[in-house]
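**Student:** Take 103 as the starting number for the sequence shown in our numbering and just add one per residue. Every residue, glycine too, gets a C-beta built ideally from N, C-alpha and C. Mind looking over this structure? Questions follow.
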Amino acid sequence: MRLYALLFAACSGRAPTPSPIVPIVADAAPDAPPDAPEIDVALRDRGAQLFTDKGCIACHSLDGTFRIGPSLVGDWGTTVTLSDGTQVVVDEVYVRESITEPLAKQRSGFVPVMPQFDGRISPDELDALVMFIKSLR
């Protein structure tokens, strides 16, 4: 850029007009859309560990591929079709219900085999899992 400015100045006889400096926000994710959900990093990391420890990773991939259950990557905020033909937005309410009562709103195209975690995980663990899934947007 400096070489270009120098050559431009040399050819026209005038110095280039400096462009304004745009500040960079250090904590902004460059690829995050403006309406991206806020992520509590510590809670997300705990959720990631629980995702493995509780066996979720056996049925739900983190790379977009389908296994026994749907991949959770990119689902947050989207609308998915349920086995009864209705649609629901993947949000905190839906994800919490899907973990605690997975048969309540079964995703279309998947066999209803997910175990019920109601009473098997603490409210804090549920919060962490939801935050982790939210971070996979």
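Out of Pro225, Gly187, Val175 and Gly176, which one is the CA nearest neighbour of Glu199?
**Tutor:** On the sequence shown, position 97 is the one that residue 199 refers to. Ranking the options by Cα distance to Glu199, first place goes to Pro225.
**Student:** From which residue to which residue does the beta strand (DSSP E) around Gln189 run?
**Tutor:** Looking up residue 189 in the sequence shown gives position 87. Here the beta strand (DSSP E) through Gln189 covers Gln189 to Val191.
**Student:** Would Glu227 and Leu152 qualify as a contact pair, given that the criterion is a beta-carbon distance under 8 Å?
**Tutor:** Here residue 227 corresponds to residue number 125 of the sequence shown, with the count starting at 1. Here residue 152 corresponds to residue number 50 of the sequence shown, with the count starting at 1. Yes, the Cβ-Cβ distance between Glu227 and Leu152 is below 8 Å.
**Student:** Please return the same chain residues whose Cβ sits closer than 6 Å to the Cβ of Asp149, not counting the five positions on each side in sequence.
**Tutor:** Here residue 149 refers to the residue found at position 47 when the sequence shown is read from its first residue. Here the sequence assigns Gly to residue 149, which means Asp is not the residue at that position. Result list for Gly149: Ala230, Leu231, Met233 and Phe234, in chain order.
**Student:** Taking Cβ positions, are Gly176 and Phe212 nearer each other than 8 Å?
**Tutor:** Counting from 1 along the sequence shown, the entry for residue 176 is found at position 74. Counting from 1 along the sequence shown, the entry for residue 212 is found at position 110. No, the Cβ-Cβ distance between Gly176 and Phe212 is not below 8 Å.
**Student:** Taking Thr183 as part of the beta strand (DSSP E), name the residues at either end of that continuous run.
**Tutor:** Numbered from its first residue, the sequence shown carries residue 183 at position 81. Counting along the chain, the beta strand (DSSP E) containing Thr183 begins and ends at Thr181 to Thr183.
**Student:** Span of the alpha helix (DSSP H) holding Lys236?
**Tutor:** Along the sequence shown, one-based indexing puts residue 236 at 134. Segment Pro225 to Ser237, the alpha helix (DSSP H) holding Lys236.
**Student:** Using the C-alpha atoms, what's the distance from Thr183 back to Val195?
**Tutor:** The sequence position of residue 195 within the sequence shown is 93, counting from 1. The sequence position of residue 183 within the sequence shown is 81, counting from 1. About 16 Å.
**Student:** Please report the distance separating the alpha-carbon of Thr240 from that of Gly166.
**Tutor:** One cannot answer for residue 240 here, as it falls past the ends of the chain, which runs 103 to 239.
**Student:** Could you compute how far the alpha carbon of Ala144 sits from the alpha carbon of Ser237?
**Tutor:** In the sequence shown, counting from the first residue as 1, residue 144 sits at position 42. In the sequence shown, counting from the first residue as 1, residue 237 sits at position 135. Their backbone Cα atoms lie some 12 Å apart in a straight line.
**Student:** Just to confirm, is the Cβ distance from Gln208 to Ser185 under 8 Å?
**Tutor:** Indexing the sequence shown from 1 puts residue 208 at position 106. Indexing the sequence shown from 1 puts residue 185 at position 83. Closer than 8 Å, so yes.
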